[in-house]
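There are 2 protein chains.
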Amino acid sequence: MPSKEMHVHECNHHECNYTSGTRNSCVSLVPIFNHLEETQMDEIMATARSVSYKKGEIIYRAGDKSDSLYIVSKGKIRIYRLSDSGKEQLVRILIPGDFTGEYALFSKATHESYAEAMVDTTVCMIKQADLHEFLLKYPSISLKILTEFSTRLEQSERQTTRVVTEKVETRLAMFLAEEMDREAQGNEFVLPMSKKDLASYLGTTPETISRKLSEFEDQGYIKQKPRKRIEVLDLDGLLLV
Amino acid sequence: MPSKEMHVHECNHHECNYTSGTRNSCVSLVPIFNHLEETQMDEIMATARSVSYKKGEIIYRAGDKSDSLYIVSKGKIRIYRLSDSGKEQLVRILIPGDFTGEYALFSKATHESYAEAMVDTTVCMIKQADLHEFLLKYPSISLKILTEFSTRLEQSERQTTRVVTEKVETRLAMFLAEEMDREAQGNEFVLPMSKKDLASYLGTTPETISRKLSEFEDQGYIKQKPRKRIEVLDLDGLLLV
DNA sequence: CGCTCTGTTGAAGAGGCTCAATATGGGTGG
DNA sequence: CCACCCATATTGAGCCTCTTCAACAGAGCG
Chain Y
1079 MPSKEMHVHE
1089 CNHHECNYTS
1099 GTRNSCVSLV
1109 PIFNHLEETQ
1119 MDEIMATARS
1129 VSYKKGEIIY
1139 RAGDKSDSLY
1149 IVSKGKIRIY
1159 RLSDSGKEQL
1169 VRILIPGDFT
1179 GEYALFSKAT
1189 HESYAEAMVD
1199 TTVCMIKQAD
1209 LHEFLLKYPS
1219 ISLKILTEFS
1229 TRLEQSERQT
1239 TRVVTEKVET
1249 RLAMFLAEEM
1259 DREAQGNEFV
1269 LPMSKKDLAS
1279 YLGTTPETIS
1289 RKLSEFEDQG
1299 YIKQKPRKRI
1309 EVLDLDGLLL
1319 V
Chain D
1079 MPSKEMHVHE
1089 CNHHECNYTS
1099 GTRNSCVSLV
1109 PIFNHLEETQ
1119 MDEIMATARS
1129 VSYKKGEIIY
1139 RAGDKSDSLY
1149 IVSKGKIRIY
1159 RLSDSGKEQL
1169 VRILIPGDFT
1179 GEYALFSKAT
1189 HESYAEAMVD
1199 TTVCMIKQAD
1209 LHEFLLKYPS
1219 ISLKILTEFS
1229 TRLEQSERQT
1239 TRVVTEKVET
1249 RLAMFLAEEM
1259 DREAQGNEFV
1269 LPMSKKDLAS
1279 YLGTTPETIS
1289 RKLSEFEDQG
1299 YIKQKPRKRI
1309 EVLDLDGLLL
1319 V
């Protein structure tokens, strides 16, 4: 697989094959693979390709044919959709250990969403044929992916339900509470995205986000600090909104 | 199908084990199993339990512990969620061949949604332990389920995007167009649910659905007929809304 | 045959969007 | 290291879509 003779110009976006011994960067860090034996991980790693993208680069777009699984090994990826009317909606953000590409991989040949590097990012790609082979050979991988999928499905449905049943204020409060739960350092956390993206994720506009956060601040629930940091002063109050 | 010796009181909701030879009602009709050999399907069927529910009965509810996959063999099931604020949202409707229960099965022990029989319904249930065994034994089943999951995930994300980016009128028009695509007999189709449920599915209210359908009718795009039948007169016009 | 749930229609009000003007800040190049 | 610049964020005002509440009509089911 890995050609040792690799030259820079053979590498789109600094694309490189792995050589054994450079395993650590991706396969071993994703839950779907890291329960395997070392030798099995090496085997998978041997079929993987590493590709780097610079900030802002598009990794795939809707309509692209693709047949690879993308595992984030470094950086951050924005997954978003464009509606028929052309509006953008942020679906989720991938951090190292997350993967994407599953739709094109298991169902259809083309993507419906867009993947964009939010910062300089490295992914490893596993081709559909290789992955299928491994799934048949090591069925426990499938169980891991099924677990991941069912969690994602649940989250997606929960998100839909929220958007249709709760008002913006409530959705925002819930989002803040969840971030506190996942990311809190003390009683502060850092927004993982711009407020523009947050608006798109929550199904509203940047203006409304801005206003609602100010209201929360006026009401003493939170305090906004520089560099996207938010201190939560009254979590319970927030959740009663 | 019921064992021949079945007595009413041995069967909760007319619950019965399968005997070989009565295979046809469920395992063989779902895409996730029907690619298997006859003998393999028989093997799975032997572990399945058939349960019937009367119209309106709840099959599972949020918070229930469950460890079974439910495959619809007859009838129709409404899957819905309740938001934190208590509002109901219709997630999807299952018809024979569809399955549910995956979240409790692969991720957590409890359901987040509700499943209710819309008409008299029969499901077959496969226990988690049995299913896991089959997945490891026949890895191709996992691939089928992965395909199904990734399709559902895509649909769910598409639904979220629509709800947040399109207005009600557009969502309704798209829904009608999709139903035409899937269910049309001539240029008519039958709504698969009440307008109340449709409202909940599309994230709006029955009043709005009623009004928008009247508008579409006034504009000559559709014609509403008795028994939930809708004739589409101008599909293109509808999609330009 | 009546009762209850679903659907329809009207009117009023609210929540959030749009548009526009201005402020801010972090990234970049000099 | 500083100044500049452009995307992001903020704030205000008006408006529009959709929800809400209420009253009534109709349909399906026991």
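Just so you know, the sequences run in chain order Y and D.
If you count the first sequence from 1, you need to add 1078 to reach the numbering used here.
If you count the second sequence from 1, you need to add 1078 to reach the numbering used here.
Ideal Cβ positions, reconstructed from N, Cα and C, are used throughout, including at glycine.
Determine whether the beta carbon atoms of residue 1195 (chain Y) and residue 1153 (chain Y) lie at a separation below 8 angstroms. In this structure, residue 1153 (chain Y) lies closer than 8 angstroms to residue 1195 (chain Y) by Cβ.
Report all residues from its chain with a CB closer than 8 angstroms to the CB of residue 1315 (chain Y); omit the five preceding and five following residues, and keep chain order. Taken in chain order, the residues that qualify are 1297, 1298, 1299.
Which chain D residues are close to residue 1061 (chain Y), counting only those with a beta carbon under 9 angstroms from its beta carbon? Beyond the ends of chain Y as shown, which are 1079 and 1319, falls residue 1061 (chain Y); an answer cannot be given.
From what residue to what residue does the beta strand (DSSP E) around residue 1158 (chain Y) run? From DSSP, the beta strand (DSSP E) with residue 1158 (chain Y) extends over 1155-1160.
Just checking, does the region 1171-1179 of chain D make contact with the region 1250-1260 of chain Y on the three C-beta pairs under 8 angstroms criterion? Cβ pair count under 8 angstroms is below three, so no.
Distance between residue 1224 (chain D) and residue 1147 (chain Y) (C-alpha atoms, nearest Å): Rounded to the nearest whole angstrom, the C-alpha separation of residue 1147 (chain Y) and residue 1224 (chain D) is 13 angstroms.
Is the beta carbon of residue 1161 (chain D) sitting closer than 8 angstroms to the one on residue 1244 (chain Y)? Yes, the pair counts as a contact, with Cβ atoms nearer than the cut-off.
Ends of the beta strand (DSSP E) at residue 1200 (chain Y)? 1199-1205 is the span of the beta strand (DSSP E), which, as asked, contains residue 1200 (chain Y).
Flag residue 1244 (chain D) as yes if its beta-carbon sits less than 8 angstroms from any beta-carbon of chain Y, otherwise no. Interface residue, yes.
Using 8 angstroms as the limit for Cβ to Cβ distance, is residue 1200 (chain D) near chain Y? So no, residue 1200 (chain D) is outside the interface.
Is the beta carbon of residue 1227 (chain D) closer than 8 angstroms to that of residue 1218 (chain Y)? At least 8 angstroms separates the beta-carbon of residue 1218 (chain Y) from that of residue 1227 (chain D).
Residue-level contact to chain Y via CB, residue 1167 (chain D), 8 angstroms cutoff: Interface residue, yes.
Cα separation between residue 1290 (chain D) and residue 1247 (chain D)? Approximately 6 angstroms between the Cα atoms of the pair.
Listed in chain order, which residues of the region 1225-1244 of chain Y have Cβ atoms closer than 8 angstroms to some Cβ of chain D? Those would be 1225, 1227, 1228, 1229, 1230, 1231, 1232, 1234, 1235, 1236, 1237, 1238, 1239, 1240, 1241, 1242, 1243, 1244, in chain order.
Could you name the residues of the same chain whose beta carbon sits closer than 6 angstroms to that of residue 1275 (chain Y), not counting the 5 residues immediately before and after it, in chain order? 1168.
Would you identify the three-state DSSP class for residue 1168 (chain Y), choosing helix, strand or coil? Residue 1168 (chain Y): strand per DSSP, three-state reduction.
Given a cut-off of 8 angstroms, decide if residue 1157 (chain D) and residue 1188 (chain D) are closer than it, judged by their beta-carbon atoms. Not in contact: residue 1188 (chain D) and residue 1157 (chain D) (Cβ atoms no closer than 8 angstroms).
Chain Y partners of residue 1223 (chain D), CB-CB under 7 angstroms? 1224, listed in chain order.
Residues sharing a beta bridge with residue 1246 (chain Y), DSSP: Residue pairing by DSSP places residue 1246 (chain Y) in no beta bridge whatsoever.
Check each residue of the region 1125-1142 of chain Y: if its Cβ is closer than 7 angstroms to any Cβ of chain D, include it; give the result in chain order. Answer in chain order: no residues at all.
With a threshold of 8 angstroms between beta carbons, is residue 1177 (chain Y) in contact with chain D? The beta carbon of residue 1177 (chain Y) sits no closer than 8 angstroms to any beta carbon of chain D.
The region 1205-1222 of chain Y in contact with the region 1262-1278 of chain Y per 3-pair CB rule at 8 angstroms: Below 8 angstroms, too few C-beta pairs join the region 1205-1222 of chain Y and the region 1262-1278 of chain Y to call them touching: fewer than three.
If we cut at 8 angstroms on Cβ distances, does residue 1217 (chain Y) have a partner in chain D? Taking Cβ atoms only, chain D reaches closer than 8 angstroms to residue 1217 (chain Y), which makes this a yes.
Take the Cβ of residue 1240 (chain Y) as the centre, count every other Cβ of all protein chains shown within 10 Å, and call the residue buried at 16 or more, exposed below. Per the 10 Å Cβ criterion, buried.
For residue 1181 (chain Y), which residues in the same chain have their Cβ closer than 7 angstroms to its Cβ, ignoring the five residues on either side in sequence? For residue 1181 (chain Y), where only same-chain residues beyond five positions count, the Cβ hits under 7 angstroms are 1189, 1190.
Give the residues of chain D in contact with residue 1210 (chain Y), contact being defined as C-beta atoms less than 8 angstroms apart. Proximity of chain D to residue 1210 (chain Y) at the Cβ level (cut-off 8 angstroms) is accounted for by 1221, in chain order.
Considering Cα atoms alone, identify which of Y:1318, Y:1125, Y:1164 is closest to residue 1140 (chain Y). Ranking Y:1318, Y:1125, Y:1164 by Cα distance to residue 1140 (chain Y) puts Y:1164 first.
What in chain Y is Cβ-close to residue 1180 (chain D), meaning under 7 angstroms? Under the 7 angstroms cutoff, chain Y gives 1228.
Identify every residue that forms a DSSP beta bridge with residue 1194 (chain Y). According to DSSP, residue 1194 (chain Y) bridges with Y:1136, Y:1156.
Can you pull out the residues from the region 1263-1288 of chain Y whose beta carbon lies closer than 7 angstroms to at least one beta carbon of chain D? Within the region 1263-1288 of chain Y, contact with chain D at the beta-carbon level (separation under 7 angstroms) is assigned to 1281.
Comparing the C-beta of residue 1159 (chain D) with each C-beta of chain Y, is any distance below 8 angstroms? Closer than 8 angstroms: yes.
Residue 1303 (chain Y) - DSSP class collapsed to helix/strand/coil: The answer is strand: DSSP assigns residue 1303 (chain Y) an E or B state.
Would residue 1204 (chain Y) and residue 1124 (chain Y) qualify as a contact pair, given that the criterion is a beta-carbon distance under 8 angstroms? Contact flag unset, no.
Alpha carbon of residue 1104 (chain Y) to alpha carbon of residue 1134 (chain Y), nearest angstrom: Going by the C-alpha atoms only, they are around 21 angstroms apart.
Just to confirm my understanding: we take residue 1310 (chain Y), look at its own chain, exclude 5 residues before and 5 after, and list those with CB closer than 6 angstroms. What are they? Non-local C-beta neighbours of residue 1310 (chain Y) in its own chain, meaning closer than 6 angstroms and more than five positions away in sequence, comprise 1258, 1265, 1300, ordered along the chain.
With 8 angstroms set as the bound, which would you pick, yes or no: does the beta-carbon of residue 1088 (chain Y) sit closer than that to a beta-carbon of chain D? Model confidence at residue 1088 (chain Y) stands at a pLDDT of 35, short of 50, so the residue's coordinates are unreliable; what they give is reported in the following sentence. Answer no: the Cβ-Cβ gap between residue 1088 (chain Y) and chain D never drops below 8 angstroms.
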